[in-house]
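K.L.:
386 is the number that this note's numbering gives to position 377 of the sequence shown; each next residue is one higher, with no gaps.
Don't be surprised by glycine CBs; every beta carbon is placed ideally from N, CA and C.
Computed from a predicted model, the values in this text were never measured in an experiment.
Let me give you the structure first, and then I'll get to my questions.
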Amino acid sequence: MLYIGVDLGTSSVKLVLMDETGKIHGTATKEYPLYFPHPGWSEQKPEDWYAQAVEGLKEVLKDVDKSQVAGISFGGQMHGLVILDENDNVIRPAILWNDGRTQKQVDYLNNEIGKDKLSEYTANIAFAGFTAPKILWVKENEPENFKKIKKIMLPKDYLAYKFSGTFCTDYSDASGMLLLDVKNHKWSEEMCKLCDITTDMLPKLYESYEKVGELNPELTAELGLNSGVVIAAGAGDNAAAAVGTGTVGDNRCNISLGTSGTIFMSSKNFAVDSNNALHSFDHADGSFHLMGCMLSAASCNKWWMDGILNTKDYAGEQSRIQKLGENHVFFLPYLMGERSPWNNPNARATFTGITMDTTRDDMSQAVLEGVAFATRDMYEVAKSIGVKPERTMICGGGAKSPLWRKMIANILNIEVDVPACEEGPGMGGAMLAMVACGAYKSVEEAAAAIVKVDKTEKPDPELVAKYEARYQQFKTIYPALAETFDKII
Numbered sequence: 010m011l012y013i014g015v016d017l018g019t020s021s022v023k024l025v026l027m028d029e030t031g032k033i034h035g036t037a038t039k040e041y042p043l044y045f046p047h048p049g050w051s052e053q054k055p056e057d058w059y060a061q062a063v064e065g066l067k068e069v070l071k072d073v074d075k076s077q078v079a080g081i082s083f084g085g086q087m088h089g090l091v092i093l094d095e096n097d098n099v100i101r102p103a104i105l106w107n108d109g110r111t112q113k114q115v116d117y118l119n120n121e122i123g124k125d126k127l128s129e130y131t132a133n134i135a136f137a138g139f140t141a142p143k144i145l146w147v148k149e150n151e152p153e154n155f156k157k158i159k160k161i162m163l164p165k166d167y168l169a170y171k172f173s174g175t176f177c178t179d180y181s182d183a184s185g186m187l188l189l190d191v192k193n194h195k196w197s198e199e200m201c202k203l204c205d206i207t208t209d210m211l212p213k214l215y216e217s218y219e220k221v222g223e224l225n226p227e228l229t230a231e232l233g234l235n236s237g238v239v240i241a242a243g244a245g246d247n248a249a250a251a252v253g254t255g256t257v258g259d260n261r262c263n264i265s266l267g268t269s270g271t272i273f274m275s276s277k278n279f280a281v282d283s284n285n286a287l288h289s290f291d292h293a294d295g296s297f298h299l300m301g302c303m304l305s306a307a308s309c310n311k312w313w314m315d316g317i318l319n320t321k322d323y324a325g326e327q328s329r330i331q332k333l334g335e336n337h338v339f340f341l342p343y344l345m346g347e348r349s350p351w352n353n354p355n356a357r358a359t360f361t362g363i364t365m366d367t368t369r370d371d372m373s374q375a376v377l378e379g380v381a382f383a384t385r386d387m388y389e390v391a392k393s394i395g396v397k398p399e400r401t402m403i404c405g406g407g408a409k410s411p412l413w414r415k416m417i418a419n420i421l422n423i424e425v426d427v428p429a430c431e432e433g434p435g436m437g438g439a440m441l442a443m444v445a446c447g448a449y450k451s452v453e454e455a456a457a458a459i460v461k462v463d464k465t466e467k468p469d470p471e472l473v474a475k476y477e478a479r480y481q482q483f484k485t486i487y488p489a490l491a492e493t494f495d496k497i498i
């Protein structure tokens, strides 16, 4: 049988068609516009997502036996606010995860309601990207639109609703709304009251791998599929990507070196660190996960190589870096401010330790090491509350660099596995559809059967010791500069 994973991203929707062995039978990518109506705002039209998802489905299905399609599920951009009226019309364009208009509402939630209360209600504190501050923004700035709201949903859930007619979401994606009681798997009545909404405006909650309905008859006919195609709830993009790298079950880890960087750690046990430095969310496998997000990861290297050195020869530049663990130059990778673990939009990137004998290669090395050290910062928070994975998967564009993988392995002192197949949230979505259709009994079983390791980077004890000394120096830099960042912004 065949299963489709729909990855609803910020710039495009990507579809992956797989069978239960993990073989890819087709992929498709369809782009749609991103709108910036004011500086710092970021919006999209949900109608565009649906239109392009349908076109992507047609493309990915064109050369296969359509009678074999059993299920569809999703991985989607998190945190976005989609609001519908009583006639199921979209009230206004979706406000996206990377929209920065809600700082006033975030400050209200964190400072007036209080971070302790928010953590008690939801296991998390407010960030500008989260959904609840967006709801408060609409209430304050667009009261006529606020009065029309009958349904509140996340981006991928709009597709699920259009596909199946079921008003649904999953626990992993809902965890990023600041409306979910993550520990107890239910909507927070307290947060709903704070946002002046009711729980009946929110979707029914499902596990990511649960069937929420079937593809509606109209779309079934349009695509030429058999009736009864299962629609599964799906997951937030990071949780879906984690499924696709086998980061499920207890004490597993995945590091993504994309434009931004994440460290994602699955756990059977619920955990929250005292400073809410990491997000504590429900996972697509039915358990929990901790996630740290740094806003600039591979983008730091792109900025340095493309913008400063004016070169595209990334491999050539890295080939000259030889003296690992011995660099006296440090780089704070906060080009866009920082989310985890500091939650400081005023943080800035810096080079520290430059002397007359500093070389171009030292600077290039420092950029790569700075991202790895900042990843270690997040890893240390998880270790402090008992989540201590001994190896990690690695994915994203930066993971293609053998040198960067070596740095990660030795700076974190952890074995780093490269997956044989990397198809991101779409692959995870397809695997969730498999579980919903009964091809596998659990997400863990699916991951064990499908996810394979291509190669592993093991830490070297001598290099680990050198990098440990460097990390102890690195971790003093941000605290020393934190007040300065606030003054120079």
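Per DSSP, which residues does Thr178 bridge with? Please list them.
P.N.:
According to DSSP, which records beta bridges pairwise, Thr178 is partnered with Leu214.
K.L.:
For the segment 345 to 363 against the segment 379 to 394, do three or more pairs of beta-carbon atoms, one drawn from each stretch, fall closer than 8 Å, so that the two count as touching?
P.N.:
Counting Cβ pairs under 8 Å, three or more are found: they touch.
K.L.:
Select from Asp97, Ile134, Ser275 and Met402 the residue whose C-alpha is nearest the C-alpha of Asp463.
P.N.:
The candidate whose alpha carbon is nearest that of Asp463 is Met402.
K.L.:
Distance, Cα to Cα, Glu378 vs Ser289?
P.N.:
Roughly 26 Å between the two C-alpha positions.
K.L.:
Measure the alpha-carbon distance for Gly548 versus Met440 and round it to whole angstroms.
P.N.:
It is not possible to answer for residue 548, since the shown part of the chain is limited to 10 through 498.
K.L.:
Can you tell which of Ile240, Pro152, Leu127 and Leu145 has the C-alpha that lies nearest to the C-alpha of Ser184?
P.N.:
Comparing Cα positions, the closest option is Leu127.
K.L.:
Out of curiosity, what's the CA-to-CA distance linking His292 and Ala248?
P.N.:
Spanning the two alpha carbons is a distance of roughly 6 Å.
K.L.:
Check whether the Cβ atoms of Gln53 and Tyr44 lie closer than 8 Å to each other.
P.N.:
Result yes, Cβ atoms of Gln53 and Tyr44 sit closer than 8 Å.
K.L.:
Starting from Asn416, follow the alpha helix (DSSP H) in both directions and report where the run begins and ends.
P.N.:
For the sequence presented, residue 416 should be read as Met rather than Asn. It spans Pro411 to Leu421 - the alpha helix (DSSP H) in which Met416 sits, taken as one unbroken run.
K.L.:
Taking Ser76 as the reference, which of Tyr167, Thr229, Asp94 and Cys204 has the closest Cα?
P.N.:
Here the closest residue by C-alpha is Thr229.
K.L.:
Tell me Asn247's beta-bridge partners as DSSP assigns them.
P.N.:
Beta-bridge pairing links Asn247 to no other residue.
K.L.:
Whole angstroms is fine: what's the gap from Phe139's alpha carbon to Asp72's?
P.N.:
Roughly 40 Å separates the two Cα atoms.
K.L.:
Using 8 Å as the threshold, is the C-beta distance between Ala37 and Glu56 below it?
P.N.:
It is not a contact, given that the beta carbons lie outside the stated cut-off.
K.L.:
Helix, strand or coil for Lys202, going by three-state DSSP, please let me know.
P.N.:
Lys202: helix per DSSP, three-state reduction.
K.L.:
Going by C-alpha distance, which of Gln481, Asp469, Val239 and Gly437 is nearest Arg414?
P.N.:
Ranking Gln481, Asp469, Val239 and Gly437 by Cα distance to Arg414 puts Asp469 first.
K.L.:
Could you name each continuous alpha helix (DSSP H) segment of 4 residues or more that falls completely within the segment 278 to 345, going from the start of the chain to the end?
P.N.:
With a minimum length of 4 residues, the continuous alpha helix (DSSP H) runs that stay inside the segment 278 to 345 are 307 to 311 and 323 to 328.
K.L.:
Tell me the rounded alpha-carbon separation between Phe172 and Ile33.
P.N.:
Those two C-alpha atoms are separated by around 23 Å.
K.L.:
Can you check whether the CB of Thr368 is closer than 8 Å to the CB of Asp426?
P.N.:
No; because the gap between Cβ atoms is not below 8 Å, this pair is not in contact.
K.L.:
Beta carbon of Lys160, beta carbon of Leu93: below 8 Å?
P.N.:
Cβ atoms of Lys160 and Leu93: closer than 8 Å.
K.L.:
With a threshold of 6 Å on Cβ separation, who are the neighbours of Ser296 within its own chain once the five nearest residues in sequence on each side are excluded?
P.N.:
Correct list, in chain order: Lys277.
K.L.:
Given His544, which residues of its chain have a CB within under 6 Å of its CB, disregarding the five upstream and five downstream residues?
P.N.:
Since the first and last residues shown for the chain are 10 and 498, residue 544 lies out of range.
K.L.:
Under 8 Å between the Cβ atoms of Val5 and Ala280?
P.N.:
Past the edges of the chain, shown from 10 to 498, lies residue 5, and the structure says nothing about it.
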